[in-house]
Amino acid sequence: MARFHVNIYRADVADNVSTVTQFILLGFSDLPNLQGFLFGIFFIVYLINLVGNSFIIVITRLDPALQKPMYFFLSNFSSLEICYVSVTLPRILFNIGTQNRSISKVACATQTCFFLMLGATECFLLAVMSYDRYVAICNPLHYPLVMNPIKCTQLAAGSWLGGIPVQIGLTCQIFSLHFCNSNQINHFFCDLPPILKLACGDTSVNELSVYLVAILFAAVPFMLILASYTRIIATILKLPTATGRAKAFSTSTVTYLRPKSTHSPGTDKLLSLFYTIVTPMFNPLIYSLRNKDVIAALRKFLLRR
Numbered sequence: 003m004a005r006f007h008v009n010i011y012r013a014d015v016a017d018n019v020s021t022v023t024q025f026i027l028l029g030f031s032d033l034p035n036l037q038g039f040l041f042g043i044f045f046i047v048y049l050i051n052l053v054g055n056s057f058i059i060v061i062t063r064l065d066p067a068l069q070k071p072m073y074f075f076l077s078n079f080s081s082l083e084i085c086y087v088s089v090t091l092p093r094i095l096f097n098i099g100t101q102n103r104s105i106s107k108v109a110c111a112t113q114t115c116f117f118l119m120l121g122a123t124e125c126f127l128l129a130v131m132s133y134d135r136y137v138a139i140c141n142p143l144h145y146p147l148v149m150n151p152i153k154c155t156q157l158a159a160g161s162w163l164g165g166i167p168v169q170i171g172l173t174c175q176i177f178s179l180h181f182c183n184s185n186q187i188n189h190f191f192c193d194l195p196p197i198l199k200l201a202c203g204d205t206s207v208n209e210l211s212v213y214l215v216a217i218l219f220a221a222v223p224f225m226l227i228l229a230s231y232t233r234i235i236a237t238i239l240k241l242p243t244a245t246g247r248a249k250a251f252s253t254s255t256v257t258y259l260r261p262k263s264t265h266s267p268g269t270d271k272l273l274s275l276f277y278t279i280v281t282p283m284f285n286p287l288i289y290s291l292r293n294k295d296v297i298a299a300l301r302k303f304l305l306r307r
């Protein structure tokens, strides 16, 4: 294990400093006796993520009853979750399985960039899903016109592509810094807060950039989600019967606010573990398997088999 804690530097003559060219992901190295157990748990979680979300994609594409905007966005969300966990979990499994925790600066930057882009997509897609439910419940007569196939495709494409330029720029800005304090990232993947801690000199401008991007891609969609569900709840409460209110509530999509990193490395890893790995595993249950239309489609699918 000692060989993984050797700092690897490149001499930069122009700036008279040493810059890290390779990082060490400490991950769960502080639990040496649980490496096999952790590998098994993460492998099972990854398998559940792949199978559960793939099932949603297949069932929403095959069943004619699910050819609706709500399930179109749900299919996109499941595709996103597969990509999201694939950014971090395979690397975690590799690090634990081989006990080789080193990662090149380019690979680390690539992982960070994809993580940020998919995170932005998630925020946008959740906002779009809440907007879809808002139109369905608050303006049901206009719903087929507003949420037509072309509009749905445009909203989905915007969610996937909207954050790419900004997140690539932010990644380039962060990884253009000199990292001379250490090359040991106290995390299980290349996340921005632990990486910034390794940078030399004043990083206040970079930290400000991170906060501004977080406001743009997390806080703004969250406010749109909040506004949509406020209107939805107000509309539901005006329905004349308890049955009508229950039916309207059942069509709404449950959303969550991803926890943000804190200054405690242990808490940071725990929260990151939750929203990058655990939450995507439960999304098929939260968003689909409690939906009567999806259950009916599942029954038909199994009967055909």
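Be aware that the sequence shown starts at 3, since it is given in the numbering used here, and climbs by one per residue.
All C-beta atoms in this analysis are idealised placements derived from N, C-alpha and C, irrespective of residue type, glycine included.
{"Check": "Please indicate yes or no: does the CB of GLU209 lie closer than 6 Å to some heavy atom of the ligand NAP?", "Outcome": "This structure does not include the ligand NAP; it has no bound ligands of any sort."}
{"Check": "Is it buried or exposed for LEU120, if we count other Cβ within 10 angstroms and need 16 for buried?", "Outcome": "buried"}
{"Check": "CYS192 and CYS110 - do their beta-carbons sit closer together than 7 Å?", "Outcome": "yes"}
{"Check": "From the DSSP output, read off the bridge partner residues of GLN186.", "Outcome": "ILE26"}
{"Check": "Just how far apart, CA to CA, sit LEU300 and ALA122?", "Outcome": "31 Å"}
{"Check": "I'd like the ranges of any alpha helix (DSSP H) spanning at least 4 consecutive residues and lying wholly in the region 137–211.", "Outcome": "145–148, 151–163, 166–177 and 194–198"}
{"Check": "Using a Cβ-Cβ cutoff of less than 8 Å, which residues in the same chain neighbour ALA250 once the five nearest sequence positions on both sides are dropped?", "Outcome": "Interpretation of ALA250 is limited by its pLDDT of 43, a score under 50 that renders its predicted location unreliable; the figure taken from the coordinates is listed afterwards. So the list reads ILE139, ILE234, THR237, ILE238 and LEU241, once near-sequence residues are dropped."}
{"Check": "I'd like to know whether the C-beta atoms of ILE98 and PHE190 end up nearer to each other than 7 Å.", "Outcome": "no"}
{"Check": "Using CA atoms only, rank isn't needed, just tell me which of LEU52, PRO34, LEU33 and ARG63 is closest to VAL296.", "Outcome": "ARG63"}
{"Check": "Tell me whether the beta-carbon of LEU33 lies closer than 7 Å to the beta-carbon of ASN188.", "Outcome": "no"}
{"Check": "Mark ALA158 as exposed unless 16 or more other C-beta atoms lie within 10 angstroms of its C-beta, in which case mark it buried.", "Outcome": "buried"}
{"Check": "For SER132 versus ILE217, is the C-beta distance shorter than 7 Å?", "Outcome": "no"}
{"Check": "Just to confirm the assignment, what range does the beta strand (DSSP E) spanning SER106 have?", "Outcome": "104–106"}
{"Check": "State the DSSP-derived secondary structure class of ASN293, mapped to helix, strand or coil.", "Outcome": "coil"}
{"Check": "The alpha helix (DSSP H) that contains TYR231, what's its start and end?", "Outcome": "222–239"}
{"Check": "Can ILE26 and SER81 be called in contact, C-beta distance under 7 Å?", "Outcome": "no"}
{"Check": "Is it true that the CB of HIS180 sits closer than 7 Å to the CB of CYS202?", "Outcome": "yes"}
{"Check": "Helix, strand or coil for SER31 per DSSP?", "Outcome": "coil"}
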